[in-house]
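K.L.:
For reference, the structure I am asking about is given below.
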Amino acid sequence: MIPINLMTSLSNTGYGVVGKNLTLELFKTGGIDITLWPYGSIPEGPDKRLLEALVYQQNMVDPKATCINIWHQFDLAKRIGNGPYYAWPFFELDRFQVSARTDRRRSLAGRIQ
Numbered sequence: 035m036i037p038i039n040l041m042t043s044l045s046n047t048g049y050g051v052v053g054k055n056l057t058l059e060l061f062k063t064g065g066i067d068i069t070l071w072p073y074g075s076i077p078e079g080p081d082k083r084l085l086e087a088l089v090y091q092q093n094m095v096d097p098k099a100t101c102i103n104i105w106h107q108f109d110l111a112k113r114i115g116n117g118p119y120y121a122w123p124f125f126e127l128d129r130f131q132v133s134a135r136t137d138r139r140r141s142l143a144g145r146i147q
């Protein structure tokens with residue numbers, strides 16, 4: 035078994051959806067020993083008991099396990115253990131602000147002729 039300390043949200047945000055789906059897919063592989071370190075609470079749903087069991091693994095944490103942190107770019111300094119560390123931030127927006135759309139159009143308009 036490959037031990038992994040997985041730090042992620044499980045909420046309905048982009049980070050939470052990615053984190054929950056990744057957790058479930060890693061679990062399905064059967065060869066990975068996941069210790070889950072969620073940001074926030076575990077949401078209600080059909081996978082709640084499994085996710086709670088993966089959080090319970092914190093009692094037997096392997097400090098040399100790989101740590102994967104799926105979170106905001108400005109908050110990646112924290113980690114679990116001293117094994118290899120991988121930060122997985124990404125940028126999410128519900129929609130662009132008007133100023134961003136306007137600036138983008140201006141920059142494209144200057145180049146297209």
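By the count of the working numbering, the sequence shown reaches residue 147 at its end, each step adding exactly one. Glycine is no exception: its CB is placed at the ideal position from the N, C-alpha and C atoms.
Going by DSSP, which residues form a beta bridge with N103?
P.N.:
M41 and A121
K.L.:
Whose C-beta lies closer than 7 Å to the C-beta of A121 among residues of the same chain, with five residues either side of it excluded?
P.N.:
The answer, listed in chain order, is N103 and L110.
K.L.:
Out of curiosity, what's the CA-to-CA distance linking I76 and Q91?
P.N.:
15 Å
K.L.:
Let me know the beta strand (DSSP E) ranges lying completely inside the segment 67-94, each 3 residues or longer, listed in chain order.
P.N.:
none
K.L.:
Would you decide whether M94 is buried or exposed? Buried here means 16 or more other CB atoms lie within 10 Å of its CB.
P.N.:
Its Cβ having fewer than 16 others within 10 Å, M94 is exposed.
K.L.:
Just list the residues that DSSP pairs I36 with in beta bridges.
P.N.:
I66
K.L.:
Leaving out five residues on either side along the sequence, give the residues of the same chain with a beta carbon under 6 Å from the beta carbon of P37.
P.N.:
D67, D96 and A99
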